[in-house]
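Comments concern the structure below.
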Amino acid sequence: MESMSALFNSLLVCVLFTNCVTSNLLNNETVELNVTKAADSLKLKGKFFNQSLSSFEKCFSSDAQEVNDHLSVGQQENSRTLIRGLYKFSINMLKSLHNFESKDSSTGILISPFSIWSALVVAYMGAREDTDKELKYVLGLNNVPKHAVGMAYEGLRFWYKLKKNATTNKKYAYSIANKIFVNKNLKLNNCINEHFSVDVEQMDFVNDPYLSTKSINEWIERETNNKIKDLIPQGAITPWTNMIIANAIYFHSKWLNQFDPAKNEMRAFHVTPMEDIEVQMMTTTATFMFGVSENLRSTILEIPYANQDFSMLIILPETSKGVDSLVRNMSPEDIDMIVNNLFDDEVFLAIPKFKFEQEYELAGPLYSMGVKKLFDPRFADLTGFFDIPRTNTSRQFDGITVNSVVHKTYISVNEEGTEAAAATTLLIARSGRPAFPTQFIVDRPFVYLIRDTATNVILFIGIVRRPQQQ
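FYI, in mature numbering (1 follows the signal peptide of the UniProt record, and there is no 0) the residues of the sequence shown are -22 to -1, 1 to 448.
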């Protein structure tokens, strides 16, 4: 029988409304990115480094000594700090949203911390005073000058653009798109125009909110391969809307290791200690990276995708009620230790097919993480974005604030009739392997994340409590 491969299909949309802020671009394609591992992959050279760094310094640095200190330390260290901040933000965002979700009725959680973080980074570039300080803290960027944040983020985005353009493997596809939709009556300042102009589109929110809503929804639909439609309801855009920042991520890939549909099994999934449901599970026996975390009381399995640039990490707690404790206790250091201490093992894997779609309003979870003034019209200071007179010269704000952060996600893990590539990742050997395969039965709520194995960026992170199947 022809073998089938499992498929991961996910997409994400994050939209910020202002009274609002966020996105990015890279328009100079003379960068060379030397990818080794983790944040060291963001080593920037050449014409773009020299010209764009100078441009970012001019726009976003107010201290000449800060610029000199930055140049002496080097951009690469700032890139490492940027990714460490993203890593920390990813875990904290899941923990915060977990606290807001109903644990009894929820089927799960899925977010793209990279998308949310990207939006907030650009908001940070236009923030001032206490709004600036709060965003800098939550994003984990306390030791990086603002101009260096912009430069490192440009490099990260361009890295993904290069990867996408270099892709020849038809077994996976992904795209990351950002867009700033601005009320045509507002004038962005010169620095924002210089660095974000390609991703900016002016619209008439005042006289034609219907057409503006339609156009933005059509852009989101295109960027998510027609998976997410009508995200912004009619009436959400008003004459008082200044800016909408949209970020869309689409990811579609087959597993590296094959699943034979003839070996699918109906198994019990223990939703709670008192409730079981029957689900269809895909099964295979193959070599995977495997590990155990005593601190999180969990076992871990890494499932590579066909191109081996991305992988799914499954963190399976000991019991069906252990996922809440797992999320509460997990830290960036835990995940880092897990990834660095996996070993190759022959594993019998059984994992449910699942499909999940959810929409979130993230203002509450972000507020609990420390992003407070951004949502408060009394204190929000986003004056770095616009060339407009102050509405009140005695204050540090112009009445422009973020009033909504809409985040919608979709994921489908299922089978498709295409054979995956026969390749393996570089594995760490382990002596004394038992003669029988390790059992990894995903039959209870678990945490999963999709990560870039080169940069260690977490693209998606989520919880499955109750697998929804087609």
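For glycine and all other residues, C-beta sits at the position ideal for the given N, C-alpha and C.
Treat the numbers as computed from the prediction; the structure is a model and nothing was measured.
Nearest to I292 by alpha carbon, out of K165, V178 and F418?
F418
Under 8 Å: do the region 108 to 118 and the region 338 to 351 share three or more Cβ pairs, one atom per stretch?
yes
Below 8 Å on the Cβ atoms is my guess for S289 versus E280; work out the distance and round it to an integer in Å.
5 Å
Is G213 buried or exposed, if buried means 16 or more other CB atoms sit within 10 Å of its CB?
exposed
Local conformation of S289 per DSSP, three classes
strand
The alpha helix (DSSP H) with I194 in it runs from where to where?
P187 to E201
By the three-class DSSP mapping on this structure, what secondary structure does A432 have?
coil
Helix or strand or just coil, what does DSSP make of residue 451?
As shown, the chain starts at -22 and ends at 448. That puts residue 451 outside it, with no answer to give.
Alpha carbon of A358 to alpha carbon of D108, nearest angstrom
8 Å
Assuming D323 contacts T431 (C-beta within less than 8 Å), just tell me the rounded distance between them.
Actually they are not in contact, since the Cβ atoms of D323 and T431 sit about 18 Å apart, beyond 8 Å.
Among all the DSSP beta bridges, which residues are the ones paired with F266?
D323
Starting from I281 and walking both ways along the beta strand (DSSP E), at which residues does that stretch end?
S276 to P282
Is R444 helix, strand or coil when you go by DSSP?
coil
With a 10 Å radius around its C-beta and 16 neighbouring C-beta atoms as the bar for buried, classify T137 as buried or exposed.
Looking at the sequence shown, residue 137 is not Thr but Trp. So W137 ends up on the buried side.
Buried/exposed call for E311, threshold 16 Cβ in 10 Å
exposed
Please list the terminal residues of the continuous beta strand (DSSP E) segment that includes M244.
E243 to T250
So what's M308 in DSSP terms, helix, strand or just coil?
coil
In the region 59 to 139, which residue ranges form an unbroken beta strand (DSSP E) of at least 3 residues, counting only runs that do not cross its ends?
86 to 89
Where does the unbroken alpha helix (DSSP H) through L344 begin, and where does it stop?
A341 to M347
Beta-ladder partner(s) of V317, from DSSP:
Bridge partners of V317: none, in fact.
In the structure shown, what three-state DSSP assignment does V383 receive?
strand
K124 versus V99, I428 and K141, residue with shortest Cα-Cα distance
V99
Does the Cβ-Cβ distance between G118 and F67 come in under 7 Å?
yes
Buried or exposed, going by whether 16 or more other CB atoms sit within 10 Å of the CB of T216?
exposed
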